[in-house]
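Colleague: Quick one: structure below, then a few questions.
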Amino acid sequence: MFSERNKDLLIPNSRGEYFFDRSSSLFDYILNAYRTGEIEVPTNVPERMFKLELDYFQMPIPQSLEKKLNIAPPHHCRSCINRSSSISSLAASAAAISSNIPTRSTTTTTTTTNNNSNNDESTNSASNTNNNRNEADGTSSPNRYNLDNNNNVNSNNNVNNSNSHNDSSNNNNDHDQLMLCGEGLKRLSLEKARQDAGEILSLIKSYCYITLLKAAEQGKQSEIIQFKESDHPDFYSFVSNLRNRELLLHELVQDNFDVYFSEEFGRYYHSYLFHITFWSRYTAFDISSTDRLLNELRQKMTQLTAFLYKNT
1 MFSERNKDLL
11 IPNSRGEYFF
21 DRSSSLFDYI
31 LNAYRTGEIE
41 VPTNVPERMF
51 KLELDYFQMP
61 IPQSLEKKLN
71 IAPPHHCRSC
81 INRSSSISSL
91 AASAAAISSN
101 IPTRSTTTTT
111 TTTNNNSNND
121 ESTNSASNTN
131 NNRNEADGTS
141 SPNRYNLDNN
151 NNVNSNNNVN
161 NSNSHNDSSN
171 NNNDHDQLML
181 CGEGLKRLSL
191 EKARQDAGEI
201 LSLIKSYCYI
211 TLLKAAEQGK
221 QSEIIQFKES
231 DHPDFYSFVS
241 NLRNRELLLH
251 ELVQDNFDVY
261 FSEEFGRYYH
271 SYLFHITFWS
281 RYTAFDISST
291 DRLLNELRQK
301 MTQLTAFLYK
311 NT
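Using full-length UniProt numbering, the first residue of the sequence shown is number 1, and each one after it goes up by one.
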């Protein structure tokens, strides 16, 4: 609405009229058109003003109305049309790829049948020619005929195999292009992140797994892996990067670890904590928030009572 193309509407026309001096009913009509999606030329509004109104608000114009008013769709509508046509073509190509699998097999069968018939005709013609030549020469060589026929069949089969390989490779390329969304982009991004992380990712995963194995052997229900700059500067630097940290958490989750992340701020240090739970999640869900609060109050009262009796 407030783009540079509408600056001429801020000045009066030759008759001293402003574009914004239009009736309120026309503005209400535009709002209703937005709500309902139906546009028809109002009887009490000139067509010229109606065209300017539609262009000002960049309303999508139906084709029936374009023909009636003899106007072209605005630029934003053309972009929407191009976008929808590209989406339609993409969907059509996807449908063609899915439907091309049985079609290609039928075509291959038909091609093979035609090639076999052509091979038979070429074999018969070659054998007749060779027989005539041999009869004229007074010699015969059936082994030579068989060798020539086998060479023709092998060459035709090689051509057919190369054509089918090209078709399948083209279809695979189209399929890969169509799959570059969602899961495909996720895998591509993760692979690039792993490459950028380098060897440090494998080292920190090995360190985590060894720590968790020792904790499980001791019968612990959970384990907290702490990365402090003073203890593991390389690991701390790696985890301090947001993408690396998310990548490490993703790797642990993919290995079926129940893990969540937190930070610990001390007076002289800062550390990253990875909380991995093995099997101790049952009691926490059974206790309600009210019961937990009451338990904390009881503990505080017990501590306060012990402190008071100790000092008396």
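Virtual Cβ for every residue (Gly too), placed ideally from N, Cα, C.
Computed from a predicted model, the values in this text were never measured in an experiment.
Report the residue from Lys51, Phe278 and Leu308 whose alpha carbon sits nearest the alpha carbon of Gln218.
Modeller: It is Phe278 whose Cα lies nearest to the Cα of Gln218.
Colleague: Which value, in whole angstroms, describes the spacing of the CA atoms of Arg298 and Tyr268?
Modeller: Taking the straight line joining both Cα atoms gives about 33 Å.
Colleague: Would DSSP call Gln195 helix, strand or coil?
Modeller: In the structure shown, Gln195 sits in a helix (DSSP, three-state: H, G or I).
Colleague: With the cut-off set at 8 Å, would you say Leu249 and Phe261 are in Cβ contact?
Modeller: In contact: Leu249 and Phe261 (Cβ atoms closer than 8 Å).
Colleague: In the DSSP assignment, find the alpha helix (DSSP H) that holds Glu251 and state where it starts and stops.
Modeller: Note, Glu251: alpha helix (DSSP H), Leu242 to Gln254.
Colleague: Counting beta carbon pairs with one atom in the segment 181 to 190 and one in the segment 230 to 239, are three or more of them shorter than 8 Å?
Modeller: Flag = no, the segment 230 to 239 and the segment 181 to 190 do not touch.
Colleague: DSSP three-state call for Tyr268: helix, strand or coil?
Modeller: The answer is coil: DSSP assigns Tyr268 none of H, G, I, E or B.
Colleague: Under a Cβ-count criterion, where at least 16 other Cβ atoms within 10 Å of its own Cβ denotes burial, should Leu213 be classed as buried or exposed?
Modeller: The residue is exposed, with fewer than 16 neighbouring Cβ atoms inside 10 Å.
Colleague: Mind reading off the beta-carbon distance from Ile276 to Ser222? Whole number of angstroms is fine, and I expect it under 8 Å.
Modeller: 6 Å between Cβ atoms; contact.
Colleague: Locate the beta strand (DSSP E) running through Glu223, then write down its first and last residues.
Modeller: Glu223 -> beta strand (DSSP E) spans Ser222 to Lys228.
Colleague: Does Leu247 pass the burial test, meaning 16 or more other C-beta atoms within 10 Å, or should it be called exposed?
Modeller: Classification for Leu247: buried.
Colleague: Which partner residues of Tyr260 appear in the DSSP bridge assignment?
Modeller: Tyr260 pairs with His275.
Colleague: Please list, in chain order, all residues of the same chain as Cys208 whose beta carbon is under 6 Å from its beta carbon, the five residues on each side excluded.
Modeller: Excluding sequence neighbours, Cys208 sits near Ile225.
Colleague: Is Ser202 helix, strand or coil when you go by DSSP?
Modeller: Ser202: helix per DSSP, three-state reduction.
Colleague: Tell me the rounded alpha-carbon separation between Ser280 and Glu296.
Modeller: For Ser280 and Glu296, the distance between alpha carbons rounds to 20 Å.
Colleague: Would you report the Cα separation of Asn211 and Leu308, rounded to the nearest angstrom?
Modeller: Here residue 211 is Thr; the residue named in the question, Asn, does not match the sequence. If I take the Cα positions, the gap works out to 43 Å.
Colleague: By DSSP, does Leu190 sit in helix, in strand, or in coil?
Modeller: Leu190 falls in the helix class under three-state DSSP.
Colleague: Assign Asp28 to one of three DSSP states: helix, strand, or coil.
Modeller: If DSSP states are grouped into helix, strand and coil, Asp28 belongs with the helices.
Colleague: Under a three-way DSSP split, which group does Pro74 fall into?
Modeller: Low per-residue confidence applies at Pro74: pLDDT is 46, beneath 50, and the placement is therefore not dependable, though the value from the model is reported in the following sentence. Coil.
Colleague: For Asp258, which residues of its own chain have a beta-carbon under 7 Å away from its beta-carbon, when the five flanking residues on both sides are left out?
Modeller: Contacts found: Ile276 and Thr277.
Colleague: So which of Met49, Val253, Ala216 and Ser271 has the shortest CA-CA distance to Lys205?
Modeller: For Lys205, the nearest C-alpha among the options comes from Val253.
Colleague: For Ser202, does the count of other Cβ atoms within 10 angstroms reach 16, so buried, or fall short, so exposed?
Modeller: Counting Cβ neighbours within 10 Å, Ser202 comes out exposed, since fewer than 16 surround it.
Colleague: Helix, strand or coil, according to DSSP, for Pro12 in the structure here?
Modeller: Reduced to three states, the DSSP call for Pro12 is coil.
Colleague: Compute the distance between the beta-carbons of Ser271 and Phe227, then report whether it is under 8 Å.
Modeller: Their beta carbons are under 8 Å apart, which means Ser271 touches Phe227 by this criterion.
Colleague: Between the alpha carbons of Ala193 and Lys220, how many angstroms are there, rounded?
Modeller: Approximately 33 Å, taken between the alpha carbons.
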